[in-house]
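Chains as they are written, first to last, in our numbering: chain A, 12 to 353; chain B, 12 to 353. Glycine included, C-beta positions come from ideal geometry on N, C-alpha and C. Quantities reported herein were computed from a predicted structural model and do not represent experimental measurements.
2 protein chains.
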Amino acid sequence: VTQPLSEDELVAAIRVICEAKPGGGAAPRPIVLGIGDDAAVWKPSSSHLSVITTDALVDGVHFRSAQMSELHIGHRAMAANLSDVAAMGARPVLATVALGVPPHAAQAQLLDLYRGMNALAHAHGVRIVGGDIVGAPVLTLALTLVGEVRRSHLRRRDGARPGDVLAVTGPLGASHAGLLLLDGDVALDPQLAQRAAAAFATPQPRVREGRWLAASANVHAMMDCSDGLSTDLGRLTRASGCGALVDRVPVDPAAEAVAQALGEDGRAYALHGGEDFELLVAVAPRAFAHLSGRFRQRFGSALLPLGRVEKQGGLRLLEASQERELVPAGWDHLRTGAQRGS
Amino acid sequence: VTQPLSEDELVAAIRVICEAKPGGGAAPRPIVLGIGDDAAVWKPSSSHLSVITTDALVDGVHFRSAQMSELHIGHRAMAANLSDVAAMGARPVLATVALGVPPHAAQAQLLDLYRGMNALAHAHGVRIVGGDIVGAPVLTLALTLVGEVRRSHLRRRDGARPGDVLAVTGPLGASHAGLLLLDGDVALDPQLAQRAAAAFATPQPRVREGRWLAASANVHAMMDCSDGLSTDLGRLTRASGCGALVDRVPVDPAAEAVAQALGEDGRAYALHGGEDFELLVAVAPRAFAHLSGRFRQRFGSALLPLGRVEKQGGLRLLEASQERELVPAGWDHLRTGAQRGS
């Protein structure tokens with residue numbers, strides 16, 4: 012049995028992970044001072060605005076460490092933050108990590124967390140520059156990401172206008188399906204099972220897509236829909252002072268397959284499941300077809316329309332030629348937290 | 012019994028707290044977009060570097076919620092981060108908050124946390140611009156602070172040189188004394204008891220002092236010593252490739268009084284207690300007397316010398332004309348975490 016590392020020794024090991032340059036091909040980032048001082052230091056672009064987002068993940072709430080590798084937990088935490096930066100149209104630059112370490116945590120596993128975070132960060136040109144390590148009852152990760160965006164490319168959630176086409180950067184529900192696969196025995200086509208598992212364990216944030224979309228003046232509003240489409244679409248339309256009619260729910264084939272196997276509705280996974288890390292956009296209607304075609308050319312996948320922005324507040328869902336109210340039933344962090352305790 | 016707020020409603024209430032301008036006298040900050048979108052947005056100064064720091068506090072590890080008001084917990088969390096920014100010589104600008112909420116937490120108390128954070132933030136011109144709220148087993152706060160500093164004012168911990176005078180911005184040990192007061196019945200002069208309690212509950216980060224000190228080219232290195240002088244002085248000297256001789260330990264009178272009442276050594280509180288949020292500086296020896304005099308004029312309190320930087324590595328303590336090794340025994344976040352579990 013080896014003696015556990017002290018905090019300073021662990022920080023040194025983390026520093027090696029986060030300062031390594033896999034492939035050696037990373038663009039030089041404007042980092043002046045990384046891990047190891049009271050704060051990290053960088054030179055912000057003078058022609059850009061800076062953006063900042065914080066997202067926390069707690070064992071037993073957002074993931075279950077018994078079911079996931081530390082590499083995947085780290086990946087997911089980084090993906091959640093990258094997705095928020097992408098949703099502003101920004102380029103991510105650097106990250107800090109506050110890590111809560113449970114008693115008896117193996118340090119090799121903690122280092123795997125950083126490896127998971129760093130691999131995805133590195134793939135998007137992001138450097139982990141600092142953070143904090145503290146004792147905690149359960150594994151807890153709070154990441155903060157800083158990015159940069161030209162003022163003209165900044166996309167908020169309050170810019171949607173009546174008539175705008177609503178679309179997402181990919182089909183929804185696969186992450187929720189992947190979570191269900193972890194919980195039980197579901198007989199499923201292996202390829203679809205793999206697709207669902209990957210959507211849950213290693214979701215890919217739409218960083219390049221977000222920056223590309225933000226460069227179009229026809230994209231009026233953008234946000235990520237990681238709390239579930241019904242919840243996040245409600246937030247986008249409320250912020251924009253309007254409502255929406257959803258007439259098509261883009262269900263991922265893996266979500267559809269898992270739902271069928273469990274006798275459930277794949278559309279519910281897509282509407283309320285959350286954690287998909289696709290971007291939700293409101294696009295000027297006359298520009299949509301052209302933008303969507305260019306999106307497909309650029310990224311090899313479709314921009315999926317799901318409805319339109321309407322003057323009338325609230326969300327409506329069109330099913331079998333009938334409109335009914337779409338009640339937000341996505342992820343409410345507090346209610347979920349409260350449920351855990353009751 | 013009122014219905015608990017949803018996450019969106021709670022965020023709206025937090026937004027009101029963080030966007031209020033008590034006194035109305037706040038300097039306009041370069042915030043473009045605050046709480047409520049996927050990320051917050053600001054315009055960084057083009058003539059400054061940016062700094063970022065993250066510090067986490069966990070109930071049962073860094074504080075005990077049963078013994079402290081939420082206002083004070085919030086204050087302490089903000090103070091810890093402000094102190095790290097101060098230690099770089101930087102001006103703090105904005106903060107994000109990742110809040111882990113235990114089951115059955117009262118929302119009024121959560122709002123008090125934000126009130127505590129915001130009051131101290133506001134006093135230093137800092138705006139809380141965003142964050143995340145998640146369920147967690149115990150109350151957990153991870154704050155991230157961004158600041159700005161001129162390149163020439165940036166102070167790192169690796170710039171100390173042999174011969175430099177080591178000094179702190181105030182006496183040490185009072186926070187640890189205040190913690191001990193919470194735990195037991197200590198007969199003490201009421202004014203000193205009050206001083207110790209305040210040092211623990213509402214520590215004042217040395218933000219103005221840090222910026223002032225950083226403006227002097229004779230201040231070669233600076234860091235905060237919130238993990239305990241013995242631990243943090245070891246870090247500063249190791250980073251600078253040298254060692255130190257401590258010949259004077261500046262013990263706070265409240266620490267001295269509590270230690271006497273408990274039959275303990277006040278110097279140990281000052282050396283190892285931690286959480287004092289004073290700044291530790293290494294100053295060119297010829298400049299120290301003049302700098303110290305100007306510091307007293309400016310801030311009404313002394314810059315307290317405690318020893319000098321030496322070529323020889325390691326820390327030594329001079330006691331009764333005898334040098335002995337000073338073993339770092341401050342706060343190691345991991346060992347503390349491990350102890351809790353064992």
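| query | Along chain D, in chain order, which residues have C-beta atoms closer than 9 Å to that of B:V140? | reply | Protein chains A and B are contained in the structure displayed, whereas chain D is not.
| query | DSSP puts A:A51 in a beta bridge; with which residues? | reply | For A:A51, the beta-bridge partners assigned by DSSP are B:I63.
| said: Within a Cβ cutoff of 7 Å, which residues of the same chain sit near B:G325, ignoring the five residues on either side of it in sequence? | reply: Excluding sequence neighbours, B:G325 sits near G254 and E336.
| message | Using CA atoms only, rank isn't needed, just tell me which of A:D70, A:R259, A:P55 and A:A198 is closest to A:L124. | response | Nearest C-alpha to A:L124: A:D70.
| field | CA-to-CA distance, B:G184 to B:V262, given in whole angstroms | value | The alpha-carbon separation between B:V262 and B:G184 amounts to approximately 6 Å.
| request: Identify the continuous alpha helix (DSSP H) that holds B:H187 and give its terminal residues. | output: That run of the alpha helix (DSSP H) goes A185 to D194.
| field | Closer than 9 Å to chain B by CB, A:T248 | value | Any Cβ of chain B closer than 9 Å to the Cβ of A:T248 would place that residue at the interface, and such an atom is absent.
| request: Identify whether B:I42 lies in helix, strand or coil by the three-state DSSP scheme. | output: Of the three classes helix, strand and coil, the one that applies to B:I42 here is strand, per DSSP.
| field | Sequence-distant residues of the same chain with beta carbon closer than 7 Å to B:A153, five excluded per side | value | Taken in chain order, the residues that qualify are T65, A67 and A109.
| request: Give the secondary structure of B:G74 by DSSP, where H, G and I count as helix, E and B as strand, and everything else as coil. | output: Per the sequence presented here, residue 74 of chain B reads as Phe, with Gly not at that position. Here DSSP, grouped into helix, strand and coil, assigns B:F74 to strand.
| How would you write the range of the beta strand (DSSP E) that A:V338 sits in, first residue to last? | Run containing A:V338: none; DSSP gives neither H nor E here.
| task | Kindly say whether B:P55, judged by its beta-carbon, lies nearer than 9 Å to any beta-carbon of chain A. | result | Yes, B:P55 counts as interfacial toward chain A.
| message | Just verifying my parser: in three-state terms, what is the DSSP assignment at B:A147? | response | Here B:A147 carries a coil assignment [DSSP, helix/strand/coil].
| The alpha helix (DSSP H) spanning B:H231 covers which residue range? | Segment V230 to D235 is the beta strand (DSSP E) holding B:H231; no alpha helix (DSSP H) there.
| field | Contacting residues, own chain, Cβ-Cβ under 6 Å from B:G189 (five flanking each side not counted) | value | Spatial neighbours of B:G189 in its own chain (CB-CB distance under 6 Å, excluding positions within 5 residues in sequence) are listed in chain order as A207, A208, A210 and F211.
| query | chain B partners of A:R168, CB-CB under 9 Å? | reply | Around A:R168, the beta-carbon contacts reaching into chain B at under 9 Å are G47, D48 and D49.
| said: Residues in the same chain with beta-carbon distance under 7 Å from B:I28, minus the five sequence neighbours each way, listed in chain order, please. | reply: So the list reads L122, Y125, R126 and N129, once near-sequence residues are dropped.
| Mind checking if B:G127 is an interface residue toward chain A, Cβ cutoff 9 Å exclusive? | Judged by the 9 Å Cβ criterion, B:G127 is not in contact with chain A.
| query | Does any residue of chain A bring its CB to less than 9 Å from the CB of B:V27? | reply | The Cβ of B:V27 sits no closer than 9 Å to any Cβ of chain A.
| said: My assumption, with CB atoms under 8 Å, is that A:P182 sits in contact with A:K322. Please give the rounded CB distance. | reply: About 28 Å; that fails the 8 Å criterion.
| chain B within 9 Å of A:D19, Cβ atoms only | It does; some Cβ of chain B falls within 9 Å.
| So what does DSSP say about A:T248, is it helix, strand or coil? | A:T248 falls in the helix class under three-state DSSP.
| chain A contact for B:D287 (CB, 9 Å cutoff) | At a cut-off of 9 Å between beta-carbon atoms, B:D287 makes no contact with chain A.
| How many Å lie between B:Q120 and B:E81 at the Cα? | Distance between the alpha carbons of B:Q120 and B:E81: 6 Å.
| task | State yes or no: is the beta carbon of A:P148 nearer than 9 Å to at least one beta carbon in chain B? | result | True, the Cβ-Cβ gap to chain B drops below 9 Å.
| Exposed or buried, A:E334, counting other C-beta atoms within 10 Å across all chains shown (16 or more means buried)? | A:E334 should be labelled exposed.
| Using the beta-carbon of each residue, which ones in chain A are nearer than 7 Å to B:T155? | Going along chain A in sequence order, the residues near B:T155 (Cβ under 7 Å) are T65, T107 and T155.
| message | At the level of alpha carbons, what is the spacing between A:D48 and B:P55? | response | In this structure, the alpha-carbon of A:D48 lies about 21 Å from that of B:P55.
| field | Contact between the region 297-304 of chain A and the region 150-170 of chain A (3+ Cβ pairs under 8 Å) | value | Touching, no, given that fewer than three Cβ pairs across the two stretches are closer than 8 Å.
| task | Show which residues of chain B have a CB atom less than 7 Å away from the CB atom of A:T151. | result | Going along chain B in sequence order, the residues near A:T151 (Cβ under 7 Å) are G111, A147 and T151.
| query | Would you call A:D95 buried or exposed, if buried means 16 or more other Cβ atoms sit within 10 Å of its Cβ? | reply | Burial of A:D95 is indicated by the presence of at least 16 other C-beta atoms within 10 angstroms of its C-beta.
| task | Using alpha carbons as the reference points, say which of B:H59, B:L60, B:G277 and B:A91 lies closest to B:F74. | result | Taking only the C-alpha atoms, the option nearest B:F74 is B:A91.
| For the 8 Å Cβ check, are there 3 or more pairs between the region 261-275 of chain B and the region 136-147 of chain B? | Output reads no: the region 136-147 of chain B does not touch the region 261-275 of chain B.
| query | Does DSSP put B:L165 in a helix, a strand or coil? | reply | Taken through DSSP and simplified to helix, strand or coil, B:L165 comes out as coil.
| message | Counting only beta-carbon separations shorter than 9 Å, does B:R75 have a partner in chain A? | response | No, its Cβ sits nowhere closer than 9 Å to a Cβ of chain A.
| Per DSSP, what kind of secondary structure is A:E321 in: helix, strand or coil? | Looking at A:E321 - three-state DSSP - the assignment turns out to be strand.
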